[in-house]
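*Asks:* Protein chains in written order, with this note's numbering: chain C, 398 to 784; chain X, 2 to 285. Think of the CB as a built atom: it goes at the ideal place given N, C-alpha and C, for glycine as much as any other residue. Dumping the structure here so I can ask a few things about it.
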Amino acid sequence: MSESSLPAAHQQRSLQQKRIVPPNPEPVIVIDGVTKRFGDFTAVDDVSLTIDRGELFSLLGGSGCGKTTLLRMLAGFETPTKGRILIDGQDMTDVPPYARPVNMMFQSYALFPHMTVEQNIAFGLKQDGMARDAIRARVAEMLDMVELSALGPRKPHQLSGGQRQRVALARALAKRPKVLLLDEPLGALDKKLRERTQLELVNLQCQLGITFVVVTHDQEEAMTMSDRVAIMNQGRILQVDSPHAMYEFPGTRFVAEFFGSINAFEGTIAEDGLTHAVISCPDLDAPVYVNHSVPGYEGSTVWAALRPEKITLSKQPPADPARNVARGVVEDIVYLGGDSTYLVRLESGRRIRVALQNLTRAAEPEVTWDDAVWVSWRPENVVVLTS
Amino acid sequence: MKSVSRSPFLITMLAFGFAFLYLPILLLILYSFNESRLVTVWGGFSVKWYAELFQDAQILGAAKISLTVAAITATLATALGTLAGLVLVRFGRFRGRTLFSGMITAPLVMPEVVTGLSILLLFVALEQLIGWPAGRGVTTITIAHVTFTMAYVAIIVQSRLTQLDGSMEEAAMDLGARPAKAFLLVTLPIIAPALVSGWLLAFTLSLDDLVIASFAAGPDSTTLPMVVFSSVRLGVSPKINALATLLVLGATIIIIGAAWFMHRQDRDRDRAVARAMAEQKDRE
Numbered sequence: 398m399s400e401s402s403l404p405a406a407h408q409q410r411s412l413q414q415k416r417i418v419p420p421n422p423e424p425v426i427v428i429d430g431v432t433k434r435f436g437d438f439t440a441v442d443d444v445s446l447t448i449d450r451g452e453l454f455s456l457l458g459g460s461g462c463g464k465t466t467l468l469r470m471l472a473g474f475e476t477p478t479k480g481r482i483l484i485d486g487q488d489m490t491d492v493p494p495y496a497r498p499v500n501m502m503f504q505s506y507a508l509f510p511h512m513t514v515e516q517n518i519a520f521g522l523k524q525d526g527m528a529r530d531a532i533r534a535r536v537a538e539m540l541d542m543v544e545l546s547a548l549g550p551r552k553p554h555q556l557s558g559g560q561r562q563r564v565a566l567a568r569a570l571a572k573r574p575k576v577l578l579l580d581e582p583l584g585a586l587d588k589k590l591r592e593r594t595q596l597e598l599v600n601l602q603c604q605l606g607i608t609f610v611v612v613t614h615d616q617e618e619a620m621t622m623s624d625r626v627a628i629m630n631q632g633r634i635l636q637v638d639s640p641h642a643m644y645e646f647p648g649t650r651f652v653a654e655f656f657g658s659i660n661a662f663e664g665t666i667a668e669d670g671l672t673h674a675v676i677s678c679p680d681l682d683a684p685v686y687v688n689h690s691v692p693g694y695e696g697s698t699v700w701a702a703l704r705p706e707k708i709t710l711s712k713q714p715p716a717d718p719a720r721n722v723a724r725g726v727v728e729d730i731v732y733l734g735g736d737s738t739y740l741v742r743l744e745s746g747r748r749i750r751v752a753l754q755n756l757t758r759a760a761e762p763e764v765t766w767d768d769a770v771w772v773s774w775r776p777e778n779v780v781v782l783t784s
Numbered sequence: 002m003k004s005v006s007r008s009p010f011l012i013t014m015l016a017f018g019f020a021f022l023y024l025p026i027l028l029l030i031l032y033s034f035n036e037s038r039l040v041t042v043w044g045g046f047s048v049k050w051y052a053e054l055f056q057d058a059q060i061l062g063a064a065k066i067s068l069t070v071a072a073i074t075a076t077l078a079t080a081l082g083t084l085a086g087l088v089l090v091r092f093g094r095f096r097g098r099t100l101f102s103g104m105i106t107a108p109l110v111m112p113e114v115v116t117g118l119s120i121l122l123l124f125v126a127l128e129q130l131i132g133w134p135a136g137r138g139v140t141t142i143t144i145a146h147v148t149f150t151m152a153y154v155a156i157i158v159q160s161r162l163t164q165l166d167g168s169m170e171e172a173a174m175d176l177g178a179r180p181a182k183a184f185l186l187v188t189l190p191i192i193a194p195a196l197v198s199g200w201l202l203a204f205t206l207s208l209d210d211l212v213i214a215s216f217a218a219g220p221d222s223t224t225l226p227m228v229v230f231s232s233v234r235l236g237v238s239p240k241i242n243a244l245a246t247l248l249v250l251g252a253t254i255i256i257i258g259a260a261w262f263m264h265r266q267d268r269d270r271d272r273a274v275a276r277a278m279a280e281q282k283d284r285e
């Protein structure tokens, strides 16, 4: 796969490839057939999941998909209607929050307003009955870790948003939990600070080797930070994979659309061989040729999906105009600096998104509004989806 | 400075408004220093009525009873009202919640005469049935006062708890505190200002109450408002003026003190926030 063909934002994924501590494939959290109902509403629907020790795991989904409920069940604030939750080999299903070896960083941070930063961080340690000297040392260590050593005697209302976020993180990590649960940890920060904090969180997680479970609705954030991502919708987990696998090999159209953008064309399998397959899509001029076999039989409905950056755009007809091409007119161009997204209206009336990198400096782009163009793609770049 | 046009009409209305509110009190204070026994005739400056006030055993006794009742009432009402407020906010939609909520707030709108009379009937019936409370006195006044002041505390605590971030207590539990400890260490300190204002409100209401106290009081438990009211019926003594002046003075000191305290807290907070912002900028 060529990294350079991805849009700029996606290149940040290289972050997680530099990890110092490789995740050890030993499960620390086992979620076994967990269902949670609130009255008639099923928030989490028969979810089974294993999270490994030292992993940065993200639960990704839109609002109301059940990701926060799942996280709250890990913390112990909700009890599953059905199923079991094991943390570090022990059944935690009915263990109250104060007796679990996990800590949570709340979306609102939930700092205690009447306590100083130091007292906030020391709170959990005091509950454990730690010696006073040991508490003082640990608090200093935590403040040093989040670079807030000078602000220990402040109250939360005397801090900026970014500083509060760090205090919340330090407080949640002070007890050295086996798992840290983070509920939208960067949701309240502005864009610049969010990008910087993403980096810091990943570095911190690498140093400490603590398992992080992050709930987020932001696919870019999940892509940037995680070792593995679980995409949730309507209380169910649709796919669990590394960001790379999730992006290049999505299992369903929902996942493909939620994790990055995609052009999906409905069609039927015209030819299915061992080494190739041909899909005919009514919205495309020529048949779609794929260089691998596809699931299904001849005549069954599938979707041929293409990531915008894996499509080529040209004014001249491509080398083989008999397959994997379509003709259209440029309807709109979204200029993003490093790259541009072209919205091309095909002859069938369908619109297709094409992302191109702006590799050279030019006064005028080669392809502009209302140009008649050819879009084409390589057979190995087609994702074939059955649902 | 921008000059706001001040019409003579508005200024006159303002003067009338303030005069209507405060002139009677000013007159009352002025005549407490009157030499003359006649309330309406100025006979020269004197503080003798204050001296007499502090020798009047009846008034001093009543003041002591009133303060005792008010303090006990405020404390009990704060405890019970806080519990009621907690139940209303934290227990979700339990069966009978609407009825409970209605019954908590009913004393706010119930005519005092009705509250007083019904509570008197209850005391009498209880005495006949189980022999308690034996006769009426400080205990019965306190019970009566708790029943109606509790409603105010419950409402203050309820509104404070509604604003409180629910994840605060969860965070405490997550960090290892059992529910009761999480409440004591986190929720209680945060809602403490509401409890203080609830206590003060209950104290004031109890100290001020005449109607309900009259129903619940016995022969040996005359409260200050009752003494003032009965002595005014016999003819106003300048002693009462002196007493009222002292009450006004006490209230004024408390209000100014509270305002000063809040102003200082606001100022400290603003300064600290400005400092934190400046340091954050330096760091970036």
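1. Beta carbons nearer than 9 Å to chain C: which residues of the stretch 171 to 200 of chain X have them?
2. Look at X/Thr223 and X/Gly62 and say whether their C-beta atoms are less than 9 Å apart.
3. So, does the CB of C/Leu508 fall closer than 9 Å to a CB anywhere in chain X?
4. Does the structure place the stretch 539 to 553 of chain C close enough to the stretch 471 to 484 of chain C that three or more beta carbon pairs sit under 8 Å?
5. Closer than 7 Å, Cβ to any Cβ of chain X: which residues of the stretch 516 to 533 of chain C, in chain order?
6. Less than 9 Å separating the beta-carbons of C/Thr465 and C/Asp615?
7. Between C/Val564 and C/Leu556, how many whole angstroms is the CB-CB distance? I'm expecting something under 8 Å.
8. For C/Asn600, which three-state DSSP category applies?
9. Indicate whether at least one CB of chain C lies closer than 9 Å to the CB of X/Phe33.
10. Within 9 Å of any Cβ in chain C, is that where the Cβ of X/Met263 sits?
11. Closest to X/Pro194 by CA distance: which of X/Met263, X/Ile255, X/Ala145, X/Ala183 is it?
12. Roughly how far, in whole angstroms, is the beta-carbon of C/Leu456 from the beta-carbon of C/Val699, given that I think they are within contact range, below 8 Å?
13. Along chain C, which residues have their Cβ under 7 Å away from the Cβ of X/Arg270?
14. For X/Trp200, I'd like the list of residues in its chain whose CB is within less than 6 Å of its CB, leaving aside the five on either flank, ordered along the chain.
15. Quick one, are the C-beta atoms of C/Ala585 and X/Glu171 less than 9 Å apart?
16. Can you look up C/Leu681 in the DSSP assignment and give me helix, strand or coil?
17. Going by DSSP, which residues form a beta bridge with X/Arg7?
18. Could you confirm whether any beta carbon from chain X is found closer than 9 Å to the beta carbon of C/Leu503?
19. Could you check how far apart the C-beta atoms of C/Pro510 and C/Lys552 are, in whole angstroms? I think they sit under 8 Å.
20. For X/Val158, does the count of other Cβ atoms within 10 angstroms reach 16, so buried, or fall short, so exposed?
21. Between which two residues does the alpha helix (DSSP H) carrying X/Val154 extend?
22. Can you tell me the Cα-Cα spacing of C/Pro424 and C/Val731, whole angstroms?
23. Counting only Cβ pairs nearer than 8 Å, list the residues of chain C close to X/Met168.
24. From this set, X/Ala145, X/Ala135, X/Ala126, which residue's C-alpha is nearest X/Ile73's C-alpha?
25. Name, in chain order, the residues that DSSP records as bridge partners for C/Pro424.
26. Taking 9 Å as the threshold (C-beta atoms), are C/Gln636 and C/Gly648 in contact?
27. Suppose the cutoff is 6 Å on Cβ atoms and the five residues either side in sequence are ignored; what does the same chain contact list for C/Ala619 look like?
28. Candidates C/Val444, C/Lys707, C/Lys712: which alpha carbon is nearest C/Ile659's?
29. On the DSSP letters alone, give me the boundaries of the alpha helix (DSSP H) that C/Asn522 sits inside.
30. Is C/Leu598 near C/Met622, with beta carbons less than 9 Å apart?
31. Return the CA-CA distance between C/Ile746 and C/Asp680, expressed in angstroms with no decimal places.
32. In chain order, what are the residue ranges of uninterrupted beta strand (DSSP E) at least 3 long that sit wholly in the stretch 708 to 756 of chain C?
33. How big is the Cα-Cα spacing for X/Leu39 and X/Ser238?
34. Examine the Cβ distances between the stretch 230 to 244 of chain X and the stretch 185 to 194 of chain X and report whether three or more of them are shorter than 8 Å.
35. Could you name the residues of chain X that C/His614 contacts, counting a contact when the two beta carbons are closer than 7 Å?
36. Is X/Thr83 close to chain C? Criterion is C-beta to C-beta, closer than 9 Å.
*Replies:* Reading from the atomic positions:
1. Glu171, Ala172, Ala173, Met174, Asp175, Leu176, Gly177, Ala178, Arg179, Pro180, Lys182, Ala183, Leu186, Val187, Pro190, Ile191, Ala193
2. yes
3. yes
4. no
5. Phe520, Gly521, Gln524, Asp525
6. no
7. 7 Å
8. helix
9. Residue identity check: residue 33 of chain X is Ser in the sequence provided, not Phe. By this cut-off, X/Ser33 is not an interface position.
10. no
11. X/Met263
12. At roughly 29 Å, the Cβ-Cβ gap does not stay under 8 Å, so C/Leu456 and C/Val699 are not in contact.
13. His554
14. Ala75, Thr79
15. no
16. coil
17. Partner(s): none; X/Arg7 has no beta bridge.
18. In the sequence on display, residue 503 of chain C carries Phe and not Leu. Taking Cβ atoms only, chain X reaches closer than 9 Å to C/Phe503, which makes this a yes.
19. 7 Å
20. buried
21. 139 to 164
22. 44 Å
23. Before going on, a small fix: residue 168 of chain X reads as Ser here, not Met. What X/Ser168 touches in chain C: Phe503, Gln504, Ser505, Ala507.
24. X/Ala145
25. C/Asp449
26. yes
27. Ser455, Leu457, Thr613, Val626
28. C/Lys707
29. According to the sequence shown, residue 522 of chain C is Leu rather than Asn. 514 to 524 is the extent of the alpha helix (DSSP H) around C/Leu522.
30. yes
31. Correcting the residue identity first, residue 746 of chain C is Gly in this sequence and not Ile. Approximately 8 Å, taken between the alpha carbons.
32. 709 to 711, 722 to 732, 736 to 743, 748 to 754
33. 8 Å
34. no
35. Simply none; closest approach about 18 Å.
36. no
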